[in-house]
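In this text, residue positions in the sequence shown follow the working numbering: the first is 369, and each later residue adds one. First comes the structure, then the notes that go with it.
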Amino acid sequence: MRIAQVAPLYESVPPKYYGGTERVVSYLTEELVRQGHEVTLFASGDSETNAHLVAARRRSLRLDKHCQNQMAHHFVMLERLSQRVAEFDIIHFHIDYLHFPLSRRERITHVTTLHGRLDIPDLVPLYQEFQDMPVISISNGQREPLPWANWQATVYHGLPGGLYEFHPEPGRYLAFLGRISPEKRVDRAIEIARRVGIPLKIAAKVDPVDRDYFESVITPLLSNSLVEFVGEIGDGEKDDFLGNAYALLFPIDWPEPFGLVMIEAMACGAPVIAYRGGAVPELIEPGHTGFIVESLEDAVEAVRRVGQLSRKRCREVFEQRFTATRMAHDYVQQFERLIARNEEVSEAA
């Protein structure tokens with residue numbers, strides 16, 4: 369199958385540090401290549417892939433301090449893609465709705481995986497206008513604000529089976545991994561650690577938009593002797609960071625579309641303590657791979673119960689549900705179905 373993968377340009381594929389969407393695009397692309405498909409990746413030029421790379425620009429946008437208009441480069445990428453649409457059996461977009469007007473007018477088989485939150489009122493008229501656009505969700509919870517959209521399937525993210533090692537012995541600290549923002553609630557993680565008296569390591573990036581929040585709300589909390597702010601880390605450091613943790617804290621305060629760090633922790637054998645929201649109930653098996661909590665008191669009690677959980681079971685659930693092999697298989701099923709359906713429509717016309 370000839371497949372085009374169209375990635376955002378904000379980060380390289382895979383990203384050097386933080387970047388969930390681009391990381392998933394990388395895992396999927398490499399697995400599709402491994403399975404024998406002919407894959408072309410439209411991404412930034414500093415991406416690394418075994419697919420054929422079409423670079424819309426030399427560097428990822430986050431690394432280019434001179435870039436003032438990030439959207440302009442995405443439209444350049446879409447124009448280059450439009451000149452080559454006949455080369456592909458299907459085009460798989462990961463750039464939200466940017467391509468919708470183009471895809472509506474081009475006779476191409478395509479599908480879009482939506483990676484972000486959809487509970488934004490401004491999105492309602494957009495998806496009402498483009499109800500013909502086929503879309504894939506990354507969790508069932510992600511769909512709830514737009515249940516009438518043209519959903520094709522839910523495909524959970526997956527990681528390469530050998531990306532992280534299983535760590536059978538629990539560590540002596542709690543872990544927080546992601547980014548600093550109000551909805552990620554690292555302040556909750558700090559308070560949980562304070563109440564249970566267990567050290568907390570925070571590995572997180574701070575986007576410019578969240579810099580004021582970090583400095584005014586979070587920085588004063590970092591003076592606690594139990595808290596260590598590690599900063600942003602890359603894939604090569606995650607294995608030790610998560611594998612040597614007692615548990616991962618995922619204290620979100622928003623409808624999380626997926627939460628890649630939860631399955632990364634499971635792959636390492638680390639249980640997850642997560643606040644209920646978005647995809648959390650779909651990923652965590654309470655009493656097996658972690659606990660789902662509703663309040664600070666629940667979270668504190670969950671930490672005290674982590675010793676009852678099996679780290680081996682966490683790894684087993686990852687291998688059963690969240691590998692890149694399974695993810696690619698699910699996508700190929702959808703690709704084949706969409707190609708067959710479009711061929712039937714073309715023949716009927």
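By construction, the Cβ of each residue, glycine as well, lies at the ideal position given by its N, Cα and C atoms.
Counted as a single uninterrupted DSSP element, the alpha helix (DSSP H) harbouring H442 occupies residues Q438 to S450. Judged by their CB atoms, H420 and L429 are not nearer to each other than the 8 Å cut-off.
At a cut-off of 4 residues, the continuous stretches assigned as alpha helix (DSSP H) that sit fully inside the stretch 580-637 are 603-611 and 628-636. Under DSSP, no beta-bridge partner is assigned to F690. Between the stretch 584-603 and the stretch 643-660 there are fewer than three C-beta pairs closer than 8 Å, too few to call the two in contact.
When Cβ pairs closer than 8 Å are counted between the two stretches, the stretch 527-539 is seen not to touch the stretch 497-508, the count staying below three. Residue ranges of uninterrupted beta strand (DSSP E) with 3 or more members, entirely inside the stretch 630-678 and ordered along the chain, are 640-643 and 658-661. In this structure, DSSP gives L568 an extended state, which the three-state scheme calls strand. A distance below 6 Å between beta-carbons, with the five flanking residues on each side excluded, links A561 to the following residues of its chain, in chain order: L542, L568 and L594.
A contact between stretches requires three or more CB pairs, one per stretch, nearer than 8 Å, and the stretch 371-388 fails this requirement with the stretch 664-684. Note that the C-beta distance between R452 and L628 is not below 8 Å. In the structure shown, the three-state DSSP call for F468 is helix. Between the C-alpha atoms of G546 and L486 there is a straight-line separation of about 20 Å. Residue burial annotation: A708 is exposed, with fewer than 16 other C-beta atoms found within 10 angstroms of its C-beta. Apart from the 5 residues on each side of it in sequence, L651 sits with its Cβ closer than 7 Å to the Cβ of G627, M630 and I631 in its chain, given in chain order.
If you draw a straight line from the Cα of A517 to the Cα of P489, it comes to about 14 Å. DSSP places E474 outside any beta strand (DSSP E), giving it a letter other than H or E. When T477, W519, L396 and D555 are compared, the shortest CA-CA separation from V713 is found for T477.
The Cβ atoms of V671 and I641 lie closer than 8 Å to each other. Per DSSP, reduced to three states, the secondary structure at S505 is strand.
With contacts defined by Cβ atoms closer than 8 Å, Q702 and V479 form a contacting pair.
By the criterion of a C-beta distance shorter than 6 Å, Y378 is surrounded in its chain by L429 and R430, once the five residues flanking it on both sides are discounted. Q676 and T691 have their C-alpha atoms roughly 25 Å apart. Beta bridge pairing from DSSP links V374 with F410 and F461. Around the beta carbon of E512, fewer than 16 other beta carbons lie within 10 angstroms, which makes this residue exposed. When only Cα atoms are considered, V585 and D500 end up about 43 Å apart. According to the DSSP secondary-structure assignment, K573 is paired through a beta bridge with R547. Here the alpha carbons of H434 and R425 stand approximately 13 Å from one another.
Listed in chain order, the non-local C-beta contacts of G599 below 8 Å within the same chain comprise A571, A572 and K573, local neighbours out to five positions each way being set aside. Between the beta-carbon of P625 and that of H483 there is about 7 Å, and that keeps the pair under the 8 Å contact cut. In the structure shown, V554 falls within a helical segment according to DSSP collapsed to helix, strand and coil.
The beta carbons of Y532 and A613 sit about 12 Å from each other, so the pair does not count as a contact at 8 Å. If you check the CB distance, G530 and Y395 do not come in under 8 Å. When beta bridges are read from the DSSP output, T481 appears opposite I504. When C-alpha distances from G413 are compared across K680, G645, I558 and M445, the shortest belongs to M445. Straight across, the Cα-Cα distance linking N592 with V407 is about 49 Å.
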